[in-house]
Amino acid sequence: MMRLFARFKPQRRGRVAGFLWFVALLSGNMPLLDIAEELPCVVTQNGRHAVFVDGAPCTSLAAQLHNSSAWPAVLPQALDDVVALHANTLEAPVY
């Protein structure tokens with residue numbers, strides 16, 4: 053490895069090392085690109101629209117917290133109510 057760096061001037065060694073790290077990082081992540089599922093999309097058929105995630109239709113059952121429910125003292129009770137609704141999405145105000 054040192055022979056590779058010996059061919060370059062000292063000020064360029066850092067650039068070469070950075071480039072090699074960049075190439076190693078990219079090549080290490082390439083197998084992950086093959087495993088990735090298709091992106092979520094909206095499919096329209098017969099005048100109906102559906103959101104597909106991982107190739108299957110996805111239904112969002114959402115709950116929305118009131119402004120006062122996002123306070124730390126009230127949040128545990130509000131979250132218990134959301135769990136009782138079997139919601140898979142929660143919207144809360146963030147200030």
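For the sequence shown, the working numbering gives the first residue as 53, with consecutive numbering after it.
Glycine residues also receive a C-beta, built at the ideal position from the N, C-alpha and C atoms.
{"Check": "Backbone CA spacing between V15 and V68 [nearest angstrom]", "Outcome": "There is no way to answer for residue 15, as the model of the chain reaches only from 53 to 147."}
{"Check": "A114 classed as buried or exposed, judged by whether at least 16 other C-beta atoms fall within 10 angstroms", "Outcome": "exposed"}
{"Check": "Any beta strand (DSSP E) of 3 or more consecutive residues that is wholly inside the region 80–133", "Outcome": "93–97, 100–105, 114–116"}
{"Check": "Proximal residues to V146 (C-beta, below 8 Å), its chain only, five neighbours per side dropped", "Outcome": "A122"}
{"Check": "Option nearest V135 by Cα separation, candidates Q116, P124, S120", "Outcome": "Q116"}
{"Check": "For L137, the three-state DSSP class (helix, strand or coil)", "Outcome": "coil"}
{"Check": "Nearest-angstrom Cα separation, counted from L131 out to H138", "Outcome": "11 Å"}
{"Check": "Contacts around V126, its chain only, beta-carbon distance under 7 Å, and the 5 residues preceding and following it disregarded", "Outcome": "S120"}
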